[in-house]
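Peer 1: A single structure is presented below for examination.
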Amino acid sequence: GEDVEQSLFLSVREGDSSVINCTYTDSSSTYLYWYKQEPGAGLQLLTYIFSNMDMKQDQRLTVLLNKKDKHLSLRIADTQTGDSAIYFCAESRGTGRRALTFGSGTRLQVQP
Amino acid sequence: EPEVTQTPSHQVTQMGQEVILRCVPISNHLYFYWYRQILGQKVEFLVSFYNNEISEKSEIFDDQFSVERPDGSNFTLKIRSTKLEDSAMYFCASKQGDSPLHFGNGTRLTVT
Chain A
2 GEDVEQSLFL SVREGDSSVI NCTYTDSSST YLYWYKQEPG AGLQLLTYIF
52 SNMDMKQDQR LTVLLNKKDK HLSLRIADTQ TGDSAIYFCA ESRGTGRRAL
102 TFGSGTRLQV QP
Chain B
3 EPEVTQTPSH QVTQMGQEVI LRCVPISNHL YFYWYRQILG QKVEFLVSFY
53 NNEISEKSEI FDDQFSVERP DGSNFTLKIR STKLEDSAMY FCASKQGDSP
103 LHFGNGTRLT VT
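Chains A and B, in that order, give the protein sequences. Using the working numbering, read the first sequence as starting at 2 and increasing by one per residue. Using the working numbering, read the second sequence as starting at 3 and increasing by one per residue.
So this is what it looks like as structure tokens:
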């Protein structure tokens with residue numbers, strides 16, 4: 002199966018919280034990341050968490066990591082229309098080809 | 003904050019032509035990467051580069067591809083004879099040891 006899996010699509014209303022989920026397979030991951038990609042644009046690093054942490058909060062973003070279940074989530078509080086984008090989960094296991102393995106991305110659509 | 007820069011932002015070329023995509027990684031970074039994202043698809047690893055040589059490459063990175071660090075600042079990806087299926091967004095990235103990967107904004111390559 003895939004190393005990193007995400008659901009493809011999430012739709013929320015403006016002002017609600019969004020929760021984007023990700024599962025990964027390898028327990029030796031060192032860092033787990035969330036990247037944001039707007040249409041036609043590059044990859045913007047939103048936040049990352051070291052594998053020995055279980056939570057990280059950064060303004061409207063909260064990352065939760067469940068190492069036992071190999072589950073990572075990104076919660077966006079008070080979601081805005083500008084948050085509409087594709088969100089990629091990624092995991093890192095080293096510096097070579099495993100520097101970063103991406104999920105397929107979750108398209109977040111925020112409705113006014 | 004230092005960033006990875008890529009040029010050009012968009013390159014259009016004819017099938018069979020050679021293209022060189024350019025990147026300037028963050029100055030104190032030691033590990034360099036190229037990734038590719040075909041429109042609507044996952045971000046895929048192409049190659050990693052360390053200590054002036056390729057450290058790992060994917061099955062996509064065949065004999066048509068090469069990378070070079072011609073001086074102390076640039077990191078290039080050359081595609082010798084482009085094919086239609088090489089059309090994609092190409093991302094350069096760099097990191098310093100066990101740190102997050104920093105991406106450039108990408109070069110959109112269109113092969114006609």
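Backbone N, C-alpha and C fix where the C-beta goes; we use that ideal spot for every residue, glycine too. Model, not experiment: these values are computed from the prediction.
From what residue to what residue does the beta strand (DSSP E) around Val14 of chain B run?
Peer 2: His12 to Thr15 is the span of the beta strand (DSSP E), which, as asked, contains Val14 of chain B.
Peer 1: Given Arg108 of chain A, which residues of its chain have a CB within under 6 Å of its CB, disregarding the five upstream and five downstream residues?
Peer 2: Phe10 and Ile87
Peer 1: Suppose you measure from the CA of Ser8 of chain A to the CA of Asp73 of chain B; what does that come to, to the nearest Å?
Peer 2: Ser8 of chain A and Asp73 of chain B: Cα-Cα distance of roughly 42 Å.
Peer 1: Mind listing which residues of the stretch 14-32 of chain A have their C-beta closer than 9 Å to chain B's C-betas, in chain order?
Peer 2: Thr31 and Tyr32
Peer 1: So Phe115 of chain A contacts chain B; which residues on that side make the cut at Cβ distance below 7 Å?
Peer 2: Outside the shown range of chain A, which is 2 to 113, sits residue 115 of chain A, and nothing can be said about it.
Peer 1: Find out if the Cβ-Cβ distance for the pair Val26 of chain B, Asn107 of chain B is shorter than 8 Å.
Peer 2: no
Peer 1: Check whether the stretch 44-64 of chain B and the stretch 7-18 of chain B are in contact - that is, three or more C-beta pairs closer than 8 Å.
Peer 2: no
Peer 1: Find the nearest neighbour of Ser50 of chain B within the set A:Gly97, A:Thr80, A:Leu44 and A:Leu47, judged by alpha-carbon distance.
Peer 2: A:Gly97
Peer 1: With a threshold of 16 other CB atoms inside 10 Å of the CB of Ile40 of chain B, please say whether the residue is buried or exposed.
Peer 2: exposed
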